[in-house]
Amino acid sequence: AAGVWTVAGVQAIVRDVCPQCSATIDRSPRVCGDHDDADEFCEHCKHRFAVSVDVVCTNCPFTTKSPYPTHALGNVDLMSFMTGHGIDPFASDAFHLRSCTEELLSTDPLRARYTFTTDGDALTLTVDEDLDVVAVMKDQAGGSA
């Protein structure tokens, strides 16, 4: 039950809705300036990914911080990629974090590339300083699409 509650909260957040009071939330990216994930997690930010997202409710005291790939779950291309491979985007198994690699292209302005892989196929999302997806690339096992 806790997993379902967590996923419901994430789905609210990726749609800019506070999971506590249903008000709108503000999101802002944070880049770890000294990021080093050689040992899986960075000792500075405690995340695997350099880009995290700070979330603040505009109405209640709710705040949270999570790695960008969690926020990508609101992207229709990623949801389609996951369901097309039989992966439930609403499951609490964190596929989106395990299958993802990050490439930080620029910090000012922010531009980062996230590649999700499964079954030899890949989906790459490029995001900007507003955390908007500005490019989508699909690479299927038989060639690019």
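In my numbering, the protein residues as written are 1 to 145.
Idealized CB from N, CA, C, for every residue including glycine.
Check                                                                                                       : Outcome
Three-pair Cβ contact test at 8 Å for the segment 74-90 versus the segment 115-122                          : yes
Supposed contact pair V10 and P29 - C-beta distance, whole angstroms, cut 8 Å                               : Not really, about 17 Å apart at Cβ, beyond 8 Å.
Residue(s) in a DSSP beta bridge with C57                                                                   : I25
Sequence-distant residues of the same chain with beta carbon closer than 8 Å to L78, five excluded per side : A72, P89, H96, F116, L123 and L125
Beta-carbon spacing of V55, I13 below 7 Å                                                                   : yes
Buried versus exposed call for H47 [16 or more other C-beta atoms within 10 Å across all chains shown]      : buried
Residues near L104 in its chain [Cβ-Cβ closer than 6 Å; skip 5 each side]                                   : A50 and A112
Closest Cα partner of P61 within the set S22, A135 and M137                                                 : S22
P67 in three-state terms, based on DSSP                                                                     : strand
Paired residues, beta bridge with S106 - DSSP                                                               : R111
C-alpha gap between R109 and V4, whole angstroms                                                            : Checking the sequence shown, residue 109 turns out to be Pro, not Arg. Each residue's Cα considered, the two are about 36 Å apart.
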